[in-house]
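Protein chains: 4
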Amino acid sequence: MNGNRFGRLFQVTTYGESHGEAMGVTVSGCPAGLELSEEDIQRELDRRKPGQSMITTSRGEPDEVVINSGLQDGYTTGTPIGMVIQNKDARSGKYEPYVTAPRPSHGDFTYSAKFGTRNWGGGGRSSARETVNWVAAGAIAGKILDQHGIQVKAHVNQIGDIEAPPVSFEEMLEHTEENEVRCAHPPTAEKMRERIDQYQQEGDSIGGSIYFEARGVPRGLGAPRFDSFPARLGQAMFSIPATTSVEYGLGKEAREWTGKDRNEDWEFDAEGDPIPEGNKHGGLQGGITTGQPIYGEATWHAPTSIPKQQKTVDWETGEEKEIQVVGRHDPVLPPRAVPVVEAMLSLTILDFMLLGGRINPDRLDGTAGEYDTEYHPSSPDNE
Amino acid sequence: MNGNRFGRLFQVTTYGESHGEAMGVTVSGCPAGLELSEEDIQRELDRRKPGQSMITTSRGEPDEVVINSGLQDGYTTGTPIGMVIQNKDARSGKYEPYVTAPRPSHGDFTYSAKFGTRNWGGGGRSSARETVNWVAAGAIAGKILDQHGIQVKAHVNQIGDIEAPPVSFEEMLEHTEENEVRCAHPPTAEKMRERIDQYQQEGDSIGGSIYFEARGVPRGLGAPRFDSFPARLGQAMFSIPATTSVEYGLGKEAREWTGKDRNEDWEFDAEGDPIPEGNKHGGLQGGITTGQPIYGEATWHAPTSIPKQQKTVDWETGEEKEIQVVGRHDPVLPPRAVPVVEAMLSLTILDFMLLGGRINPDRLDGTAGEYDTEYHPSSPDNE
Amino acid sequence: MNGNRFGRLFQVTTYGESHGEAMGVTVSGCPAGLELSEEDIQRELDRRKPGQSMITTSRGEPDEVVINSGLQDGYTTGTPIGMVIQNKDARSGKYEPYVTAPRPSHGDFTYSAKFGTRNWGGGGRSSARETVNWVAAGAIAGKILDQHGIQVKAHVNQIGDIEAPPVSFEEMLEHTEENEVRCAHPPTAEKMRERIDQYQQEGDSIGGSIYFEARGVPRGLGAPRFDSFPARLGQAMFSIPATTSVEYGLGKEAREWTGKDRNEDWEFDAEGDPIPEGNKHGGLQGGITTGQPIYGEATWHAPTSIPKQQKTVDWETGEEKEIQVVGRHDPVLPPRAVPVVEAMLSLTILDFMLLGGRINPDRLDGTAGEYDTEYHPSSPDNE
Amino acid sequence: MNGNRFGRLFQVTTYGESHGEAMGVTVSGCPAGLELSEEDIQRELDRRKPGQSMITTSRGEPDEVVINSGLQDGYTTGTPIGMVIQNKDARSGKYEPYVTAPRPSHGDFTYSAKFGTRNWGGGGRSSARETVNWVAAGAIAGKILDQHGIQVKAHVNQIGDIEAPPVSFEEMLEHTEENEVRCAHPPTAEKMRERIDQYQQEGDSIGGSIYFEARGVPRGLGAPRFDSFPARLGQAMFSIPATTSVEYGLGKEAREWTGKDRNEDWEFDAEGDPIPEGNKHGGLQGGITTGQPIYGEATWHAPTSIPKQQKTVDWETGEEKEIQVVGRHDPVLPPRAVPVVEAMLSLTILDFMLLGGRINPDRLDGTAGEYDTEYHPSSPDNE
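Residue numbers (UniProt numbering), protein chains in the order written: chain P, 1 to 383; chain R, 1 to 383; chain A, 1 to 383; chain Y, 1 to 383.
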């Protein structure tokens with residue numbers, strides 16, 4: 001409704017502006033008994049944080065998370081988990097010229113048009129800084145999925161006109177984090193890096209796309225139609241700032257395939273269960289998971305903050321203005337969006353797992369720490 | 001949650017299976033004072049109904065809607081509008097062979113995997129027949145939007161490898177309904193029709209895509225991030241059966257554009273308001289509407305019901321089987337999906353209009369009919 | 001939001017006016033595999049229906065339910081269940097004088113003040129006729145609860161100044177349906193009946209209250225605070241028209257009890273589980289069920305439709321008017337509200353059961369009928 | 001769903017345990033342009049905070065709130081407001097004996113039964129400390145209501161057997177905060193204080209009740225049935241820990257009133273609008289506000305933490321135990337619950353005001369501070 005909540009049973013609620021006091025996220029619906037520490041969250045935040053390489057903004061944010069609630073002796077209790085990440089390197093002054101003269105293609109104007117005002121430092125609430133909250137929540141989701149044999153991975157498969165060849169899931173696991181571009185095909189990563197450098201030197205920016213995949217998701221998840229798996233995945237992906245396309249399976253190309261070529265016969269798998277002979281369907285049939293890997297792709301337009309001279313108008317003075325967006329900005333979005341995509345995919349899957357009753361408390365292997373507060377009923381019938 | 005509800009303030013709740021007793025949809029949150037009759041709904045249902053041309057299924061459904069509640073003397077009262085559409089030409093018998101032997105690439109297996117059972121006649125709940133409910137609800141939404149100067153239109157822009165050139169909104173309004181393919185570019189429509197005939201004769205089917213556009217949507221709609229306009233549009237479009245990609249603005253191509261080329265300077269419009277110099281942004285910046293036309297595209301894979309010989313397995317008997325999907329089926333989805341896309345786009349926009357407080361009761365120009373039940377308070381302060 | 005939806009996972013959506021075409025209710029989230037027929041619903045509707053005795057309205061509604069979807073061979077499929085009950089004995093003409101001259105203490109004025117109009121025949125949407133939908137949905141919930149060993153029962157414990165002594169759950173089961181007043185204490189029922197007759201003869205009406213109880217509800221249900229069991233029970237009970245108080249456990253009297261007297265020591269039950277030594281807590285501690293019976297009470301004010309001469313004003317003409325509410329009305333609400341209270345209590349409990357993962361598909365003992373569409377995966381790990 | 005969210009458009013999300021790191025609350029849906037500072041929140045928190053008098057717990061919590069987001073130059077921006085209140089005086093050690101031996105009539109057992117574990121220090125999540133979040137959110141709601149001419153007030157009207165006579169709204173405003181008991185009838189307050197002292201000296205505690213009232217609420221709010229005003233008020237009040245009854249208008253007494261005596265004729269008010277001749281209906285008819293004052297009452301049972309010797313069982317050791325609940329506790333709940341009741345009533349009303357489109361941005365009289373970021377469209381048609 002108000003844009004700061006995601007998830008039906010695994011509920012994520014966020015707040016924060018780029019240059020505000022702090023970012024915050026509340027996770028409720030997390031099963032009890034999960035071992036969880038700030039380190040589990042920090043590991044993922046570090047993948048997303050600014051200043052990690054030459055192709056990211058130089059803003060110096062340690063992005064240190066503090067967990068305020070929801071734990072007992074290092075294990076989740078089933079009650080809400082509140083997390084806060086202080087903003088430490090905000091320099092709002094540079095944004096004064098844009099207060100009433102919107103930066104081209106940013107959210108400055110639309111936020112003011114919607115609310116009649118806005119927090120303007122560093123883009124305020126419209127900044128991608130908000131995604132730090134999602135990665136924090138996604139880290140919890142990812143840990144639970146991992147204990148259920150579900151793996152989620154993404155990598156950058158195109159930057160500008162540089163396109164990576166298809167890679168295996170294993171290659172994604174192995175190579176994605178090896179380079180700053182987060183492309184799992186090292187030779188392509190090299191070319192991408194060069195292309196990014198070129199645009200950065202020209203004071204320009206460039207678009208790109210990310211391929212994502214999830215393995216081990218059980219069959220039967222998704223509630224067609226309005227809560228089908230693709231519908232909720234679409235909402236999740238289009239929530240990420242600057243996303244302009246989302247697809248799964250054959251995606252946009254599907255329009256050129258015939259039914260005969262795309263249809264997949266049913267076979268029996270090793271256990272004697274029906275399984276499609278291929279996975280052109282991307283793990284989804286009728287809006288519900290088939291048990292095959294779910295895969296897809298999403299596109300990000302070029303960052304709109306560029307140091308080129310551009311034109312704008314000041315709605316206060318009625319004057320036209322030259323504008324040059326200073327600040328510390330990324331020349332391309334996908335490399336830092338990879339952990340965000342993984343977070344949103346994890347949150348989407350976990351939510352469906354909970355709705356489907358597929359989370360097994362025993363796999364969380366939690367104890368209640370020093371004091372065993374756990375209550376084991378003797379009379380199962382009552383449970 | 002359960003997949004049969006769409007919308008936050010304009011709430012649509014549906015039920016029904018392809019060969020069940022009836023389809024039903026409840027609309028709540030519709031403003032009071034809208035003149036509404038079954039004819040308003042019927043007009044749109046007729047655009048979606050089966051048997052309307054040679055390239056649609058021959059199933060003979062009149063799709064006659066009955067309004068059970070929510071009106072007084074022909075005007076809405078603000079309370080829930082219940083509608084029912086009886087199913088009249090169901091022939092479930094033909095589906096018996098598929099009960100435990102899933103049709104290739106259909107939802108048969110995933111529904112059974114999710115629920116442990118399913119309504120199997122005609123695809124049951126997984127059938128696109130469900131969209132009759134959406135078109136009924138969308139007809140109400142469309143009427144309200146129309147009274148607020150908002151126009152929504154879609155047309156088929158590609159079938160297989162046959163691609164239509166870009167057309168204007170006016171061409172869409174004029175030509176879309178002129179041909180069975182619902183392509184607003186008549187010469188291309190002709191070619192599409194031929195290509196469809198060719199696949200149909202081969203016992204095959206083919207994919208395609210739809211371009212959609214909305215004009216007159218006011219600036220300031222959308223609640224970033226999880227309820228941004230693109231996020232809710234993505235959910236809406238991916239709810240439609242067989243959708244495999246959704247994009248807006250430059251869409252997937254945005255990955256090859258630089259920031260400099262994609263960014264749009266701000267100018268003043270005739271009234272002195274800031275306006276972007278172009279609309280490569282597709283009417284959306286920062287997840288919020290700019291007031292420019294919203295446009296995008298979505299893809300549908302080829303219908304999976306084809307009379308070709310295919311293979312499946314029977315999970316009851318453990319046998320492999322030959323399967324030939326008989327029944328009455330569409331050789332291509334987009335022509336009949338056009339009114340569905342328009343319905344989902346209308347529902348999405350109206351919901352945001354209501355959330356943004358932009359619906360003006362005075363534009364609904366309703367009276368309360370023969371008896372003026374309208375209450376006009378004399379003391380506006382209390383209102 | 002719009003008042004026609006109840007439940008989080010077991011979702012009930014309703015429509016209909018007293019004198020409209022039909023009443024309708026959509027139930028989604030019902031587990032698959034429940035044997036269900038129109039007779040299961042009808043049995044409960046007959047307990048609520050008008051004209052069942054001398055102390056209810058004489059309106060002649062058969063209240064016959066039709067199930068439009070959600071079943072296969074007599075078993076639920078997990079997809080939405082749509083039900084319709086036609087209105088057959090509506091006589092709106094009698095309500096013409098009240099269109100712009102609101103009946104005293106009815107919802108006529110507030111509905112018109114809210115919406116600017118209203119469906120005015122028979123009270124329209126404000127009529128208690130709406131509860132026929134709830135009883136239909138509650139019949140499904142009750143059947144599932146029954147299969148899980150949960151029993152829900154209510155009876156009328158006070159009418160005017162005639163108060164019944166406390167009765168046991170067994171007495172409620174045995175005696176409630178024996179008399180028209182639905183009081184489980186037969187001698188008191190007799191007195192209540194006389195008192196009601198007296199008011200009815202005087203052209204007056206009278207208030208009353210209902211005691212309700214649920215047995216077999218497992219411990220651990222409820223999500224404090226805003227979704228605590230009492231919070232959702234409070235919402236459910238106050239949804240019923242004309243309810244003015246709701247309480248559980250010691251209720252309002254609790255204000256006169258000391259902590260020492262109200263507190264209950266913990267003991268071990270037969271299975272060795274902790275159990276409170278008594279049940280002054282009404283089955284709820286910290287907003288969560290203890291496993292002890294949940295009990296409480298709610299009050300209904302006197303029906304506002306009485307044939308006495310009263311005064312009103314006409315907002316159209318500006319005149320004061322004498323008014324005598326003709327029509328067919330109940331002289332007291334609780335006797336017919338008993339099945340409604342049971343329905344709302346059942347819906348509340350079942351929703352918490354689903355949220356707590358306590359519904360056991362095996363207890364639903366469904367098969368898939370003639371054709372066993374059930375899919376039993378061979379590879380449980382994937383499930 | 002998970003118990004930590006309240007409100008449909010004005011959304012409150014909370015976290016925190018009694019002895020956890022911090023309490024936190026996120027408010028989204030707050031209109032832009034409201035002048036807001038930490039002092040506005042602090043003023044209300046100070047009314048609820050522990051240690052404020054001899055009849056409250058001696059726990060020393062300053063309850064200092066920090067606002068982390070949602071403001072620009074001291075005015076709200078329409079985006080989420082994140083607030084944190086650190087816990088400073090937690091002494092969990094004292095709770096060790098109760099980890100597996102639940103305190104009588106507390107939430108210790110039910111939380112462990114629900115989650116299999118719990119945060120046990122100071123009652124953890126089950127502690128009334130959570131209500132500090134509600135009072136923080138309610139302070140924002142109250143400020144907006146105040147600017148719309150709506151006043152909300154509560155006072156303690158009964159403690160044990162000491163009952164206050166009815167008082168006027170003006171007396172509530174004048175006297176409630178004058179005494180520690182928060183009873184607006186000073187002579188009764190004195191007696192209540194003595195009675196509380198007596199129980200406190202005996203190592204016992206006592207129940208009580210609160211009368212609440214709201215003035216200036218416009219007619220037409222509430223969405224019958226499941227979102228009627230009483231239904232949502234019931235949910236709100238029963239969310240408060242230890243509430244055992246809620247009523248409005250004549251409440252429980254309504255069962256002894258006849259229709260003739262309770263019904264209220266309609267008259268014209270000074271402006272010529274229909275108005276009921278009295279307010280026995282408590283400001284609500286048909287579940288919708290009439291414009292008359294809304295009033296009601298709720299009951300709290302005695303605090304369960306008492307230093308008396310009691311009995312419990314240890315589910316770990318299987319032993320019976322003597323237990324004496326040490327810690328710092330209130331001998332009676334209503335005095336500190338008064339600001340909590342006002343907060344929940346304010347949140348409920350504001351939510352309905354927003355749903356009804358009744359919040360007037362102009363009354364918020366905000367400017368955008370030093371920099372006027374406000375955007376005033378020149379073309380109203382587009383707005």
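All C-beta atoms in this analysis are idealised placements derived from N, C-alpha and C, irrespective of residue type, glycine included.
N- and C-terminal bounds of the beta strand (DSSP E) containing Y:Ser245: Numbered from 1 along the fourth sequence, position 245 holds the residue referred to as residue 245 of chain Y. Its beta strand (DSSP E) spans residues 243-248.
Quick check: is the beta carbon of R:Gly208 nearer than 9 angstroms to any beta carbon in chain A? To locate residue 208 of chain R, count along the second sequence from 1; it is residue 208. Answer no: the Cβ-Cβ gap between R:Gly208 and chain A never drops below 9 angstroms.
Is the Cβ of R:Tyr111 closer than 9 angstroms to any Cβ of chain P? To locate residue 111 of chain R, count along the second sequence from 1; it is residue 111. Closer than 9 angstroms to some Cβ of chain P, the Cβ of R:Tyr111 qualifies, so yes.
Put R:His301 into one of helix, strand or coil per three-state DSSP. In the second sequence, the residue the question calls residue 301 of chain R occupies position 301. Here R:His301 sits in coil by DSSP.
At least 3 beta-carbon pairs within less than 8 angstroms: the stretch 68-78 of chain P vs the stretch 10-21 of chain P: no
P:Gly257 vs R:Ile206 beta-carbon contact at 9 angstroms: The residue you call residue 257 of chain P lines up with position 257 of the first sequence. The residue you call residue 206 of chain R lines up with position 206 of the second sequence. Correcting the residue identity first, residue 257 of chain P is Trp in this sequence and not Gly. Yes, the pair counts as a contact, with Cβ atoms nearer than the cut-off.
Based on the DSSP output, what are the partners of residue 387 of chain R in its beta bridges? As shown, chain R starts at 1 and ends at 383. That puts residue 387 of chain R outside it, with no answer to give.
Do A:Pro334 and A:Ser245 have their C-beta atoms within less than 9 angstroms of each other? In the third sequence, the residue the question calls residue 334 of chain A occupies position 334. In the third sequence, the residue the question calls residue 245 of chain A occupies position 245. No. Outside cutoff.
Inter-stretch contact at 8 angstroms, needing at least 3 Cβ pairs: the stretch 118-131 of chain R / the stretch 76-84 of chain A: yes
Cut-off 8 angstroms between Cβ atoms - residues of its own chain near R:Glu267, not counting five sequence neighbours on either side: Counted from its first residue, the second sequence places residue 267 of chain R at position 267. Counting only Cβ-Cβ distances below 8 angstroms, and skipping sequence neighbours, we find Pro274, Ile275, Pro276, Glu277.
How far does the alpha helix (DSSP H) with Y:Gly142 in it reach, from first residue to last? Position 142 of the fourth sequence, counted from the start, is the residue given in the question as residue 142 of chain Y. Segment 131-147, the alpha helix (DSSP H) holding Y:Gly142.
Assigned exposure category for P:Arg182 - 16 Cβ within 10 Å defines buried: In the first sequence, residue 182 of chain P corresponds to position 182, counting from 1. By the neighbour-count rule (16 or more Cβ atoms within 10 Å), P:Arg182 is buried.
Using a beta-carbon distance cut-off of less than 8 angstroms, what residues from the stretch 7-18 of chain P approach chain Y? Arg8, Leu9, Gln11, Thr13, Thr14, Tyr15, Gly16, Glu17
If R:Ser346 and R:Ala136 are in contact, beta carbons under 8 angstroms, what's the gap, nearest whole angstrom? Here residue 346 of chain R refers to the residue found at position 346 when the second sequence is read from its first residue. Here residue 136 of chain R refers to the residue found at position 136 when the second sequence is read from its first residue. That pair is no contact at about 12 angstroms.
Grouping DSSP H, G and I as helix and E and B as strand, with all else coil, what is Y:Phe212? Position 212 of the fourth sequence, counted from the first residue, corresponds to residue 212 of chain Y. Reduced to three states, the DSSP call for Y:Phe212 is strand.
Cβ-based neighbour list, P:His106, same chain, cut-off 6 angstroms, excluding 5 preceding and 5 following: Indexing the first sequence from 1 puts residue 106 of chain P at position 106. Once the five neighbours on either side are set aside, the close Cβ partners of P:His106 are Thr304.
Given A:Arg118 as reference, the closest of R:His148, R:Ala101, R:Glu253, R:Tyr75 once Cα atoms are compared: As a position in the third sequence, residue 118 of chain A is number 118, starting the count at 1. For A:Arg118, the nearest C-alpha among the options comes from R:Tyr75.
Alpha carbon to alpha carbon, what distance is there between P:Pro361 and A:Asn382? Start at 1 with the first residue of the third sequence, and residue 382 of chain A comes out as number 382. Start at 1 with the first residue of the first sequence, and residue 361 of chain P comes out as number 361. Note on A:Asn382: pLDDT 35, under 50, position unreliable in the model; no value is reported.
Measuring CA to CA, which of R:Ile288, R:Glu297, R:Gly7, R:Asn133 is closest to R:Lys153? What you label residue 153 of chain R is simply residue 153 of the second sequence in a count that begins at 1. Nearest C-alpha to R:Lys153: R:Glu297.
Quick check on DSSP: helix, strand or coil for A:Asn4? For the purposes of this step, residue 4 of chain A is identified with residue 4 of the third sequence, where counting begins at 1. Coil.
Looking only at its chain, what residues have a beta carbon closer than 7 angstroms to the beta carbon of P:Gly149, apart from the 5 residues adjacent to it on each side? Position 149 of the first sequence holds residue 149 of chain P. The answer, listed in chain order, is Gly216.
Quick one: which chain P residues come within Cβ less than 8 angstroms of Y:Met353? Mapped onto the fourth sequence, residue 353 of chain Y falls at position 353. In chain order: nothing, as chain P lies at least about 16 angstroms away.
Paired residues, beta bridge with P:Lys321 - DSSP: Numbered from 1 along the first sequence, position 321 holds the residue referred to as residue 321 of chain P. P:Thr312, per the DSSP bridge assignment.
Give the residues of chain Y in contact with A:Tyr199, contact being defined as C-beta atoms less than 7 angstroms apart. As a first step, residue 199 of chain A is located in the third sequence; it is residue number 199 there, counting from the start. Correct list: Thr258.
Going by C-alpha distance, which of A:Thr243, A:Lys88, A:Leu173, A:Ser37 is nearest A:Ala128? To locate residue 128 of chain A, count along the third sequence from 1; it is residue 128. For A:Ala128, the nearest C-alpha among the options comes from A:Thr243.
How would you label R:Ala270, buried or exposed, when you count the other beta carbons within 10 angstroms and need 16 or more for buried? As a first step, residue 270 of chain R is located in the second sequence; it is residue number 270 there, counting from the start. By the neighbour-count rule (16 or more Cβ atoms within 10 Å), R:Ala270 is not buried but exposed.
Closest Cβ-Cβ distance between Y:Tyr211 and chain A: below 9 angstroms? Mapped onto the fourth sequence, residue 211 of chain Y falls at position 211. No, Y:Tyr211 lies away from the interface with chain A (no Cβ there is under 9 angstroms from its Cβ).
Between Y:Tyr371 and P:Val99, what straight-line distance do the alpha-carbon atoms span, to the nearest angstrom? Taking the fourth sequence and counting its residues from 1, one reaches residue 371 of chain Y at position 371. Taking the first sequence and counting its residues from 1, one reaches residue 99 of chain P at position 99. Caution is warranted here: a pLDDT of 41 is assigned to Y:Tyr371, below 50, making its placement in the model unreliable, and no coordinate value can be reported.
Have a look at Y:Gly249, Y:Glu316, Y:Gly318 and flag the residue whose alpha-carbon is nearest the alpha-carbon of Y:Phe212. Start at 1 with the first residue of the fourth sequence, and residue 212 of chain Y comes out as number 212. Comparing Cα-Cα distances from Y:Phe212 to each of Y:Gly249, Y:Glu316, Y:Gly318, the minimum goes to Y:Gly249.
If you run the structure through DSSP and keep just helix, strand and coil, what is Y:Gln292? Your numbering for residue 292 of chain Y matches position 292 in the fourth sequence. Y:Gln292 falls in the coil class under three-state DSSP.
Taking C-beta pairs closer than 9 angstroms, name the residues in chain R that P:Ala141 reaches, listed in chain order. Translated into the one-based positions of the first sequence, residue 141 of chain P becomes position 141. Those within 9 angstroms of P:Ala141 in chain R number zero; the least Cβ separation is about 15 angstroms.
Reference A:Ala337; option with closest CA among A:Glu39, A:Arg48, A:His19, A:Arg43: On the third sequence, position 337 is the one that residue 337 of chain A refers to. If we check each option's Cα against that of A:Ala337, A:Arg48 comes out closest.
Which class does P:Gly24 belong to by DSSP, given the choice of helix, strand or coil? Looking up residue 24 of chain P in the first sequence gives position 24. Looking at P:Gly24 - three-state DSSP - the assignment turns out to be strand.
Compare the C-beta of P:Trp134 against all C-beta atoms of chain Y and say whether one is closer than 9 angstroms. The residue given as residue 134 of chain P occupies position 134 in the first sequence. So, not an interface residue.
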